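Contents: one structure, followed by commentary.
In the working numbering, the protein residues as written are 116 to 283.
Shown next, in the form of C-alpha cells:
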C-alpha cells in the first residue's frame, strides 16, 4: 500500500537530476549491493532496522522515510519502528538485532577515545552471526554508506520511488 503524496510535497524537487545518465555504472554497483542484502542470511527486518538507525544518525529524511515505510510494509509494529531511536533501553529488539544496531552506530559515530568496533563488540556480534552473516551485515551498512552522499547532497525526494525522486 502506498501513502498518498501530501499536496505540499507534490512539487518537491531534488537538488540534482537522476545520477544514472551521468554515472551509469552506479546502477550496477547498487544492484550488486541490493542482491547481496536480499539474498543474504540476515532477515530483511534486521537490515531495515539498522538502515533506519543509520538514517537517523545521518539526519537523512530520505533514508528514514524509506526504511520506516519498508518496515511498515513488512508488518512491523509501530512500537518497534519508533523505538529504533532509543533502542538501547527499548525492550522490543532481539539480541541479534541489538548487535546490528550497535554495529551501525559504531561504524557511523566517531569515537575519539577508542576503536570504533572494539574486540568486545566484534565478539558479541560473532555470538549471533557467523562469518557469512557478518559480511551480510557489513554490506547492509555499506549500502547506506554508498548512498549517503547522494541522500545528503542530491537530496532525492523522500518517499518517491527511485527514478522519480530526482529532478527532471
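For each residue, glycine too, the CB sits at the ideal point set by N, CA and C.
These figures come from a predicted structure and were not determined experimentally.
- Message: Could you pull the DSSP bridge partners for residue 282 from this structure?
- Response: Position 167 of the chain shown holds residue 282. In the DSSP output, where bridge partners are listed per residue, residue 282 has 132.
- Message: Quick check: the stretch 258-273 against the stretch 131-151, are at least 3 beta-carbon pairs closer than 8 Å?
- Response: yes
- Message: Relative to the C-alpha of residue 158, which candidate in 245, 183, 212 has its C-alpha closest?
- Response: Locating residue 158 in the chain shown gives position 43, counting from the first residue. Residue 158 has its Cα closest to that of 212, out of 245, 183, 212.
- In the structure shown, what three-state DSSP assignment does residue 141 receive? The residue given as residue 141 occupies position 26 in the chain shown. Three-state DSSP puts residue 141 in a helix.
- Task: Could you please give the first and the last residue of the uninterrupted alpha helix (DSSP H) stretch that includes residue 268?
- Result: Your numbering for residue 268 matches position 153 in the chain shown. Careful: residue 268 lies outside any alpha helix (DSSP H) and carries neither H nor E.
- Query: My guess is that residue 199 and residue 164 are in contact by the Cβ rule of under 8 Å, so how many angstroms apart are they, rounded?
  - Reply: Mapped onto the chain shown, residue 199 falls at position 84. Mapped onto the chain shown, residue 164 falls at position 49. Confirmed, Cβ separation roughly 6 Å.
- Query: CB residue 256 to CB residue 222, shorter than 7 Å?
  - Reply: Your numbering for residue 256 matches position 141 in the chain shown. Your numbering for residue 222 matches position 107 in the chain shown. Yes, the pair counts as a contact, with Cβ atoms nearer than the cut-off.
- Helix or strand or just coil, what does DSSP make of residue 163? Stepping through the chain shown from its first residue, residue 163 is reached at position 48. It is helical.
- When DSSP labels each residue in this structure, what does residue 207 get in the three-state scheme? Sequence index remark: in the chain shown, residue 207 carries index 92 (1-based). DSSP places residue 207 in coil when its eight states are reduced to three.
- Hey, would you say residue 166 sits closer than 7 Å to residue 182, going by beta carbons? Within the chain shown, residue 166 is the residue found at index 51, counting from 1. Within the chain shown, residue 182 is the residue found at index 67, counting from 1. In this structure, residue 182 lies closer than 7 Å to residue 166 by Cβ.
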